[in-house]
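In the working numbering, the protein residues as written are 1080 to 1262. Cβ coordinates follow ideal geometry from the N, Cα and C atoms, glycine included.
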Ligand code: ADP
Ligand code: MG
């Protein structure tokens, strides 16, 4: 058995998509081991998106640069820099603002290969590239162009742990052991 952390971000909560999204997880057989609606505290979010995970912010910065190149946009003109680490740091601040914008539904899901399974159901980070049938592909349309020109994070409804290690780090940030159920 494997556990993964899923967060229904404020856009999913505001759009009343919580039930729809949970239904998709339940239909596949993922077990809801923990769930709660919370307004995320800054100290938790700060750890959830760790500042010192250089490869994460470097990667996000590089992906942002790639998007700009594909769109024929100049990153210096709109973001003031073309350094992937600087851009990654900027995205981190946007991301923290996004997830603290309103209540989020945080959950622990359990199944064999839960991490990979949930990532598959969630779909690609960029809604435009998320396949139909995935959560992001079916319910989100935000683009990096729209998001970055408004200096905000891409709204894509869900967070899901990217690896088993990430899940093991993230779950205890949001839940105490007694909040996680076995049944
Ligand atoms: P995922 O959520 O698919 O694991 P990442 O971990 O790479 O994706 O990024 C975390 C979140 O940051 C994304 O879900 C999205 O909301 C936001 N994000 C990622 N890349 C960008 C970007 N270039 N500009 C704005 N927001 C971004
Ligand atoms: Mg991620």
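Cβ contact (3+ pairs, closer than 8 Å) linking the segment 1109–1124 and the segment 1208–1227: Cβ pair count under 8 Å is below three, so no.
DSSP bridge partner residues for residue 1114 (one or two, in chain order): As a working note, residue 1114 is residue 35 in the chain shown. According to DSSP, which records beta bridges pairwise, residue 1114 is partnered with 1186.
Residue 1119 burial status per 10 Å Cβ neighbour count (16 or more: buried): One-based indexing of the chain shown puts residue 1119 at position 40. So residue 1119 ends up on the buried side.
heavy atom of the ligand MG below 7 Å from residue 1098 C-beta: Residue numbering aside, residue 1098 sits at position 19 when the chain shown is read from its first letter. Not so, every heavy atom of the ligand MG lies at least 7 Å from the Cβ.
The segment 1081–1096 / the segment 1180–1188 touching (three or more Cβ pairs under 8 Å): The answer is yes - the segment 1180–1188 touches the segment 1081–1096, with three or more Cβ pairs under 8 Å.
Pick from 1203, 1236, 1168 and 1122 that is closest to residue 1100, judged by C-alpha positions: Taking the chain shown and counting its residues from 1, one reaches residue 1100 at position 21. Cα-wise, what sits closest to residue 1100 is 1236.
C-alpha gap between residue 1129 and residue 1161, whole angstroms: For the purposes of this step, residue 1129 is taken as the residue at position 50 of the chain shown. For the purposes of this step, residue 1161 is taken as the residue at position 82 of the chain shown. If I take the Cα positions, the gap works out to 22 Å.
Cβ contact check for the segment 1123–1140 and the segment 1152–1172: 3 or more pairs under 8 Å: Below 8 Å, enough C-beta pairs join the segment 1123–1140 and the segment 1152–1172 to call them touching: three or more.
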